[in-house]
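Residue numbers (my numbering), protein chains in the order written: chain L, 1 to 311; chain E, 1001 to 1160; chain A, 2001 to 2430. Okay, structure first, notes after.
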Amino acid sequence: AQTITIGLSLPENIEGFDFVNGMYRTFAAEVEAHSDMSVNIVYGGALGNPNDRLAQMRRGVIEMTDAADGNYASIFSDIMVLNMPYLFPSEQVAWQVFDGPFGTQMAEDIREATGIRVLGWWESGGFKHFSASRLIESPADMEGLKMRVLGPLATIPVEAMGASASPVAFGELYTALSTGVVDGQDNSVSTFNLIRLYEVQSHLMMTGHVYAFGPLGISDAFFSGLTPENQQVILDAAATAIAYNRETSRAVEASAITRAEEAGVTVVRMTDEQRDAFRQVMQPAAIEWLQGNVDHPDLIDAALAAVAAAE
Amino acid sequence: MKALASLVGALDRGLRIVAALCLAGLFLLMLAQVALRYTALGVPAFAEELARYAMVWMALLATAVAVREGSHIRVDFVPLALGAAAPVLGRALEAVLDALTLGICLVIFWQGLDIVSFAAGQRSDGLRIPMSWPYGAMPVAFGLAAILALARLFERRTPA
Amino acid sequence: MTDTLMVLLGSFLLLMLLGLPVAWSLLTSMLAWVAYGGQWRFLPIAAERIWQGMDVFVLMAIPLFILAGELVNAGKITDRLIHFANVLFGWMRGGLAQVNIGASILFSGITGVALGDIAALGRVFIPAMVKQGYSPAYAAAVTASSSIIGPMVPPSLVAVIYGSMTGLSIGALMAATLIPGLLIGLVQMLLVAVQARRHNFPQVEMDRSPAVAVRATGQALVPLMIPVIILAGLMGGLMTPTEAGAVAAGYALVVATLVYRSLRLGTLGEVFQRSALFSGQLLIIVGCGAAFSWVMGMENVPRMVAGWIGGWEMGYLGTLLVFNAILLVLGMFIDPTTVIILFGPILSAAAVHAGIDPLHFGVIAILNLNIGLLTPPLGVCLFAAERIAGCGLGTLIKANTPFLLVNLAGLGLIAAVPGFSLWLPAALGF
Ligand code: NA
Ligand code: NA
């Protein structure tokens, strides 16, 4: 019988990230209950960084890994279209786009380009929000702030607001924020809490500018070699796992916000008008960059249209 | 034979210089990163990535030089003790270890070619350059290391 | 333990004992594992992991602090520091050895990386101690041993990683490691004092008139500004610990070329070449270690260990003793960061289960793993100090044994008295 090796980033028992580890455990339980396949989950980044594990999955050395959107961008540039600021108005709309024709087509394109079959799309803690050492209510408030963001697609919209972008390694982020090397950052609330940023950031603005997600990938060579029955088991298990992921991710974010507030962070809820002001500065800057840097720039309009149709 | 020896010498010197230039590059990039944070320019998103790639190139080229020098970090009780007790056996052990090093360099050179071609379609996160450039350090450095390991085996057989 | 895992560990230990370089021993044992299991599709991973294991931002502190150390040394800045140190401590028996440890305590505020400490200070103190008549092995032992104070005093990358992995407050963790870090420095200084009396270590014969003292202080002020600038830069938020390496090197470069004019352009090329070579010798082990760790991951060693631990009920003291033993053994083979990422959460959770304060356990784990940098077979700090002293690993390990023992005694004390770890974070309100 086949063994499915899954390489994950986080340790086995880590609080607040059940939407990733729990999703894969759900998948493993379903697969093992309904077939003679076995699943070997390797936790804690023991097999390397997400980009490294993604390469191992493409080679068929491991069968699955929890690489997220940003990792896939290095082997499939079109996926960055979905990282456009303020593309999705809500998680529910995002899910509809991912589960609809747009997401299905992109999954197929990824399979052809990379040899990874995307079984579905999971949520990586929800939207990313800006946190900073001071209150931010409008794009103008970003002026002069030193923001830690990574990669051009995150850098350019931040610079468009007059902030200066600075790459700081994840391992140095806490110290960099506590000493003021940088003033702010953007991540999901779960990641914000993971490295205790509530100790070093006074304000968490619920800007929700970018949706963090991941393709639930499996080595296509492995999948194609399975019997039709086992393929069906995998597909069903993936559907169950993603349903678990999305429900858990929503619940986790809600409690993570409470946790940050309890730790003394001022959580700033934004009105639709406030978010729109951010969108008007950030989105055009990102679109301009995307047009020159993805393989199929026509996907930008297609994504916007898919969102409009889902709304 | 003499021409070959001077060729190896030139290769060795060249590698040292390129490795030193990589170090100078990453040093200047990191200094610039500190300085530019306080200017309106901001820190270019690629600085961190370029510095990392310079470090990997530097380290791998230096690895090749250290193969020639025989200066890689190792636990040397047994070779030293054996060399003192039975010089012939000691020399034989060193030759076997050098041959093993040559074999490893060849395997990694071969697999390095594989990872370069595998990464060909992949672009880096910051610079958006083909990943075959940074990964290229593997076959280049281990290929040269294999040549230098071979040179070392010959030098051992014919002491200067 | 599976037979494939035994092939991996067995061939690694055998090859390293025979004198194959550490990097190639790690790599060859992985290849042996691939061949034994007939898993040839895993072969490219060896090359991939070497590259990826080195392509890590925080590793940049290694070449940068090595460069800073080489520049300080080649620029003869060292001589002025040592002259100053002699005025201050030269009257003591073993004065320079004490200064070596004291400088490490001062320097710990600069770097969170033990290797950075050896690179920057070892190049200064090892030749100077040898010049004063200490054996190269002893000079290397003092340097290696005192280097582990660095990751205990903030800023510390290890503390950041430990906090991230276990969910502990990083600020509290850094506060918790401070006093234990100073305590380790103190027990090392006591050891040197005892050895100095027993072995009649050199004092420095010199003129100690006020005029000489003032001049020495003035001359040392410029290099002594290095830690001050970096500390101010870190606390003031001008730079990250990794960038601090570049700033230190930049400052040393300016001082040596423009202020003292003690460094010629021709020498500068040699300095960069030497630093690159030394960095490469260390980084290739990190890369090959990543390949080796990948196999340990595929063999699910972390879960296996977690499974063993989960089955034990040992109580407070038993857990402390057994976990310390586990950490010591792990630290002998794997670098602290990797151990923390793989085992930190498992061990921390189990420690809490046994009634140990998680912050206290974090301090124990960080100190313990750093002691692992001083133990063969994979004692990176020993290797680095040996590189500078050129004394041979065998004699170094012998000279280092008393230091290892007092460090372990310090660890025992810190483990037995939670107050050393917990008082300061509580006082600071964490
Ligand atoms: Na430190
Ligand atoms: Na020292």
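Backbone N, C-alpha and C fix where the C-beta goes; we use that ideal spot for every residue, glycine too. Everything numeric in this text was worked out from a predicted model, so none of it was measured.
Leu145/L carries a coil assignment under DSSP once its states are collapsed to helix, strand and coil. Between the C-alpha atoms of Thr155/L and Leu2347/A there is a straight-line separation of about 38 Å. When secondary structure is reduced to three states using DSSP, Thr2375/A falls in the coil class, being assigned neither helix nor strand. In this structure, the straight-line span from the alpha carbon of Leu2014/A to that of Thr1101/E is close to 15 Å. Ala2103/A counts as buried, since at least 16 other C-beta atoms from the protein chains shown sit within 10 angstroms of its C-beta. The beta carbon of Ala94/L is closer than 6 Å to those of Phe88 and Tyr211 in its chain, skipping five residues each way along the sequence. Uninterrupted beta strand (DSSP E) stretches at least 3 residues long and entirely within the region 2112-2197 of chain A do not occur. Around Phe1027/E, the beta-carbon contacts reaching into chain A at under 7 Å are Leu2064, Leu2067, Ala2246 and Ala2249. The C-beta of Arg246/L has 16 or more other C-beta atoms within 10 Å across all chains shown, which makes the residue buried. Among the CB atoms of chain E, one or more fall inside 8 Å of the CB of Met2054/A. Classified as exposed, Ser224/L has fewer than 16 neighbouring CB atoms from the shown chains inside 10 Å of its CB.
When secondary structure is reduced to three states using DSSP, Glu12/L falls in the coil class, being assigned neither helix nor strand.
By the Cβ criterion, the region 1031-1048 of chain E is not in contact with the region 2027-2044 of chain A, since fewer than three pairs of Cβ atoms, one from each stretch, lie closer than 8 Å. Cβ atoms of Leu2374/A and Ala2144/A come within 8 Å of each other, at about 6 Å.
Closer than 8 Å at the C-beta level to chain A, one finds these residues of the region 155-185 of chain L: Val168, Ala169, Gly171, Glu172, Tyr174, Thr175, Ala176, Ser178, Thr179, Gly180 and Val181. Per DSSP, the beta-bridge partners of Val210/L are Lys128/L.
At a cut-off of 8 Å, the C-beta of Val2058/A has a neighbouring C-beta in chain L. Chain-order list of chain E residues neighbouring Thr2028/A: Leu1100 and Ile1104, by C-beta distance under 8 Å. Residue pairing from DSSP leaves Gly2075/A without any beta-bridge partner. Residue environment: Arg1013/E is assigned as exposed (fewer than 16 neighbouring CB atoms within 10 Å of its CB, all protein chains considered). Under the Cβ distance rule, Phe2042/A counts among the residues neighbouring chain L, one pair being separated by less than 8 Å. Among the residues of the region 2272-2293 of chain A, those with a Cβ less than 8 Å away from any Cβ of chain L are Ala2290 and Ser2293, in the order of the chain. Interface residue (Cβ-Cβ distance to chain L less than 8 Å): Ala1045/E is classified as such. Across the set Phe1077/E, Phe1027/E, Ile1115/E and Ala1064/E, the C-alpha of Ala1064/E shows the shortest separation from the C-alpha of Ala1151/E. Under the 8 Å criterion on CB atoms, Pro1079/E is classed as interfacial with respect to chain A. Here Asp2207/A is exposed. Its C-beta has fewer than 16 other C-beta atoms within 10 Å.
Closest option to Ser178/L, judged by alpha-carbon separation, among Gly2181/A, Ala2172/A and Val2247/A: Ala2172/A. CA-to-CA, the gap between Ile2226/A and Gly2315/A works out to about 47 Å. Nearest C-alpha to His1072/E among Leu2071/A, Val2087/A and Met2016/A: Met2016/A. Around Leu1011/E, no beta-carbon contact reaches into chain A at under 9 Å, the shortest distance being about 15 Å. The beta carbons of Ala1045/E and Pro152/L sit closer together than 8 Å.
Residue-level contact check: Asp52/L touches chain A, since one or more beta carbons of chain A fall below 8 Å from its beta carbon.
Sequence-distant partners of Asn51/L (beyond 5 residues in either direction) whose C-beta falls short of 8 Å from its own C-beta, in its chain, are Ala67, Asn71 and Ser74. Annotated three-state conformation of Gly120/L is strand, per DSSP.
DSSP places Gly7/L inside the beta strand (DSSP E), whose first and last residues are Thr3 to Gly7.
The three-state secondary structure of Pro1044/E, taken from DSSP, is coil.
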